[in-house]
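Asker:
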Amino acid sequence: MSKESIFILGAGIMQVPAIKSAAELGYRVIVADVNPEAEGIALADDYLPIDLKDRHAIAEAAVKLRKEEHLQAVFTAGTDFSATVAYAAAAAGLPGLDYSAAMTASNKILMRRAFAEAGVPSPAFYPVKNSREALEACMNLDFPVVIKPVDSMGARGVVRIESLGDEAGIIDAVEKAVDASGTAEAIVEEFMDGPEFSLDAIVYNGEVSICGFADRHIFFPPYFIEMGHTMPTACSEELQAEVVDVFIRGIHAIGIDNGAAKGDMKYSSKKGAMVGEIAARLSGGFMSGWTFPYHSGINLTAEAIKIACGRGPGSLVPPQKKVSAERAAVSIPGKVASIEGIESARAVESIQEVFLHTEVGEGVVFPVNNVQKCANCISAAEGYDIAVAAAEEAVRQIFIRLVPGNSETAAFLRGEGYEWVPDAYVLTREADLSFIKGLVDSEGGIPPELKKEAAVDWHGLGLAEAVDRVKGFTGCTDSDLNSGFWSAFLRGGVQGGVWYLETEALLR
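Per full-length UniProt numbering: the sequence shown ends with 508, consecutive numbering throughout.
Written as structure tokens, this is what we have:
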């Protein structure tokens, strides 16, 4: 008799823990992914080239695998396709979440309505399909508002709008949100202020076990770019209890009775704990598969797979309590010429993982969503400060050199097209930046106005240290640090400074 099998939807980096965990549990692993080069394919026993958006094809495959491969469960983590999992599991007669509940967890309109009916705190909202409906919705909501697709993840197509007067911004945002939606729908909702948290839970026979409570670190409005998360949260036990209570109420409102749940939660200064959204799956973003196991010693993915197979989970009592921090590296726009410092990042004490998401020759942008970041570094340590410092230092070790002369890089450094991105160095001292224009090129060096500057860049790198790194990467001297360099450097950090000097060298 052949081994029992698991059908996993997705074979990307976020599904690797599921593939490994299923194999460790003794199952034959079959994965489906439209990308034949997905890195998890090599770890699986079999691969089906199916687009996960095609739920009927996925269901047909599950039915066939049930007959021929002793299929025990359909599973996913870190994807948008929990409804497809439920649909395929039902078609194959396997354990799984009710399809209607999975749809509610996958569609923000249905989700918000379920929360409203159950009295679960969440933002006031309106469903919209076009700019006219969006403008009408904005007239009935308090600003700021957020416009987002109804069925996307990773903050794709999500934008904050500050006022009703920004009609052009509203129209542009709803068009992009609709384009990013599989159903061509969006929602306009009131913005929730306050700190944001990620929570994971395992649900078995209606009983919810919280398995991870992390602080999310969100930057770069009007977008929502997560530059990292830290596990466990640093917030008070009282606040945690309120957030957990609302999260569990939201899980029940959706109807998640068996499986996993992932919550994006806020604590508003005006309304207390609120639900951003709840998905019927484990989290992506390196939380369920990496930071929670490093923090707790529990393989959460394996426990979720057991439930998907109709079995109860094992012990969810953490055998350890470490701190695990994840931090992201971003790039200014351009084309990658080289990538340096990856091994140095891995060598930082307490670093457990370094993930690189770009390569030489590839175009990069300053991210407007959470799938456009260039790298992630994950640490684990006994102390909070040690874990955070390690992850931040590892990110600072990574340098993405950009092709000199690139027009996209030049435009960014001139402040064109990315006006919403803060300068890499937002000066903290009351210095008049007009001094840059008056610099005599031959003077060079760090201007006196900047020698005592305490500003740090997007990754926490101090100005003086950054200048030293520019010199190390380019071999330049103080006399090369002219007014053009300082403009590029303050705008684009080490990347901007190196790009400027190497572009200037090409023009000589």
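Glycine is no exception: its CB is placed at the ideal position from the N, C-alpha and C atoms. Fair warning: this is a prediction, and the values are worked out from it, not measured in the lab.
Between G497 and A505, is the Cβ-Cβ spacing less than 9 angstroms?
Answerer: The count along the sequence shown starts at 1 and reaches residue 497 at position 497. The count along the sequence shown starts at 1 and reaches residue 505 at position 505. For G497 and A505, no; Cβs fall outside 9 angstroms.
Asker: What are the start and end residues of the beta strand (DSSP E) that includes A32?
Answerer: If you number the sequence shown from 1, residue 32 lands on position 32. 28-32 is the extent of the beta strand (DSSP E) around A32.
Asker: Could you tell me whether the stretch 287-299 touches the stretch 152-170, where touching means 3 or more Cβ pairs closer than 8 angstroms?
Answerer: No contact exists between the stretch 287-299 and the stretch 152-170.
Asker: Does A62 pass the burial test, meaning 16 or more other C-beta atoms within 10 Å, or should it be called exposed?
Answerer: Position 62 of the sequence shown, counted from the first residue, corresponds to residue 62. Flag for A62 reads buried.
Asker: For the 8 angstroms Cβ check, are there 3 or more pairs between the stretch 367-375 and the stretch 450-464?
Answerer: No, they do not touch.
Asker: Cutting at 6 angstroms between CB atoms, please list the residues of its own chain near residue 510, excluding the five before and the five after it.
Answerer: With the chain running from 1 to 508 in the structure shown, residue 510 is simply not present.
Asker: Any idea which residues DSSP pairs residue 525 with across the strands?
Answerer: In the structure displayed, the chain extends from 1 to 508; residue 525 sits before or after that span and is not available.
Asker: Starting from residue 509, follow the alpha helix (DSSP H) in both directions and report where the run begins and ends.
Answerer: In the structure displayed, the chain extends from 1 to 508; residue 509 sits before or after that span and is not available.
Asker: Given a threshold of 16 other Cβ atoms within 10 Å of its Cβ, counted over all protein chains shown, does A308 qualify as buried or as exposed?
Answerer: Here the question's residue 308 lines up with position 308 in the sequence shown. The residue in question, A308, is buried, as its Cβ has 16 or more Cβ neighbours within 10 Å.
Asker: DSSP three-state call for E175: helix, strand or coil?
Answerer: For the purposes of this step, residue 175 is taken as the residue at position 175 of the sequence shown. Helix.
Asker: Going by beta-carbon coordinates alone, are Q495 and G341 separated by less than 9 angstroms?
Answerer: Numbered from 1 along the sequence shown, position 495 holds the residue referred to as residue 495. Numbered from 1 along the sequence shown, position 341 holds the residue referred to as residue 341. No. Outside cutoff.
Asker: Between which two residues does the alpha helix (DSSP H) holding C138 run?
Answerer: Stepping through the sequence shown from its first residue, residue 138 is reached at position 138. Start and end: 131-138.
Asker: Between V188 and C235, how many whole angstroms is the CB-CB distance? I'm expecting something under 8 angstroms.
Answerer: Counting from one through the sequence shown, the residue named residue 188 turns up at place 188. Counting from one through the sequence shown, the residue named residue 235 turns up at place 235. About 29 angstroms; that fails the 8 angstroms criterion.
Asker: For V34, count neighbouring C-beta atoms within 10 Å of its own C-beta (all shown protein chains included) and say buried if the count is 16 or more, exposed if not.
Answerer: Within the sequence shown, the letter at position 34 stands for residue 34. Exposed, since its Cβ has fewer than 16 Cβ neighbours within 10 Å.
Asker: For the alpha helix (DSSP H) containing I58, list its first residue and its last residue.
Answerer: The residue given as residue 58 occupies position 58 in the sequence shown. Counting along the chain, the alpha helix (DSSP H) containing I58 begins and ends at 55-68.
Asker: Quick one: what does DSSP say L110 is sitting in, helix, strand or coil?
Answerer: In the sequence shown, counting from the first residue as 1, residue 110 sits at position 110. Looking at L110 - three-state DSSP - the assignment turns out to be helix.
Asker: Closest to V323 by C-alpha separation, out of F219, H229, P313, would be which residue?
Answerer: Taking the first residue of the sequence shown as 1, we reach residue 323 at position 323. The option with the nearest alpha carbon to V323 is H229.
Asker: Between which two residues does the beta strand (DSSP E) holding R160 run?
Answerer: For the purposes of this step, residue 160 is taken as the residue at position 160 of the sequence shown. Looking at the DSSP string, the run of the beta strand (DSSP E) that includes R160 is 159-161.
Asker: Counting pairs of Cβ atoms below 8 angstroms between the stretch 237-256 and the stretch 199-219, do you hit three or more?
Answerer: Cβ pair count under 8 angstroms is three or more, so yes.
Asker: May I ask you to report which of helix, strand or coil DSSP gives D478?
Answerer: Walking along the sequence shown from the start, residue 478 turns up at place 478. D478 falls in the helix class under three-state DSSP.
Asker: Out of V354, L316, G363, which has the shortest C-alpha to C-alpha gap to A337?
Answerer: Along the sequence shown, read from residue 1 onward, the residue named residue 337 stands at position 337. Answer by Cα proximity: G363.
Asker: Pull up the distance between the alpha-carbon of residue 510 and that of Q72, whole angstroms please.
Answerer: Past the edges of the chain, shown from 1 to 508, lies residue 510, and the structure says nothing about it.
Asker: Could you give the distance in angstroms between the alpha-carbon of G40 and the alpha-carbon of I332?
Answerer: Residue numbering aside, residue 40 sits at position 40 when the sequence shown is read from its first letter. Residue numbering aside, residue 332 sits at position 332 when the sequence shown is read from its first letter. Roughly 29 angstroms separates the two Cα atoms.
Asker: Tell me the rounded alpha-carbon separation between G206 and L97.
Answerer: Here the question's residue 206 lines up with position 206 in the sequence shown. Here the question's residue 97 lines up with position 97 in the sequence shown. Their backbone Cα atoms lie some 11 angstroms apart in a straight line.
Asker: What residues are listed by DSSP as bridge partners for K335?
Answerer: Reading the sequence shown from its first residue, position 335 is the one you call residue 335. Answer is G363, bridged to K335.
Asker: Assuming P121 and K271 make a contact with CB atoms under 8 angstroms, what is their CB distance in whole Å?
Answerer: By one-based count along the sequence shown, residue 121 stands at place 121. By one-based count along the sequence shown, residue 271 stands at place 271. 6 angstroms between Cβ atoms; contact.
Asker: Pop quiz: A44 and T301 are said to be a contact at Cβ under 8 angstroms. What is the actual Cβ separation, rounded to whole angstroms?
Answerer: On the sequence shown, residue 44 is found 44 positions in, with the first residue counted as 1. On the sequence shown, residue 301 is found 301 positions in, with the first residue counted as 1. Actually they do not touch by this definition, with Cβ atoms about 15 angstroms apart.
Asker: Taking the alpha carbon of A105 as the point to measure from, which residue in E277, A42, L52 has its own alpha carbon closest?
Answerer: Here residue 105 corresponds to residue number 105 of the sequence shown, with the count starting at 1. For A105, the nearest C-alpha among the options comes from E277.
Asker: Taking its Cβ as the centre, do 16 or more other Cβ atoms sit within 10 Å of D480, making it buried, or is it exposed?
Answerer: To locate residue 480, count along the sequence shown from 1; it is residue 480. By the 10 Å Cβ count, D480 comes out buried.
Asker: Quick check on V16: does DSSP put it in helix, strand or coil?
Answerer: For the purposes of this step, residue 16 is taken as the residue at position 16 of the sequence shown. It is helical.
Asker: Per the contact definition of three or more C-beta pairs closer than 8 angstroms, is the stretch 83-103 in contact with the stretch 251-267?
Answerer: Yes, the stretch 251-267 is in contact with the stretch 83-103.
Asker: Could you check the C-alpha separation between G10 and Q397 for me, to the nearest Å?
Answerer: Counted from its first residue, the sequence shown places residue 10 at position 10. Counted from its first residue, the sequence shown places residue 397 at position 397. Going from the Cα of G10 to the Cα of Q397 covers about 31 angstroms.
Asker: With DSSP collapsed to three states, give me the class of F125.
Answerer: Translated into the one-based positions of the sequence shown, residue 125 becomes position 125. Correct three-state label for F125: strand.
Asker: Give a yes or no on whether the C-beta atoms belonging to L282 and A253 are separated by under 9 angstroms.
Answerer: Taking the first residue of the sequence shown as 1, we reach residue 282 at position 282. Taking the first residue of the sequence shown as 1, we reach residue 253 at position 253. Against a cut-off of 9 angstroms, the Cβ pair of A253 and L282 comes out as no contact.
Asker: Tell me where the beta strand (DSSP E) around H217 begins and ends.
Answerer: Looking up residue 217 in the sequence shown gives position 217. First-last of the beta strand (DSSP E) with H217: 207-219.
Asker: Taking the CB atoms as reference points, tell me whether W420 and E353 lie closer together than 9 angstroms.
Answerer: Translated into positions along the sequence shown, residue 420 becomes position 420. Translated into positions along the sequence shown, residue 353 becomes position 353. No, they are not a contact pair.
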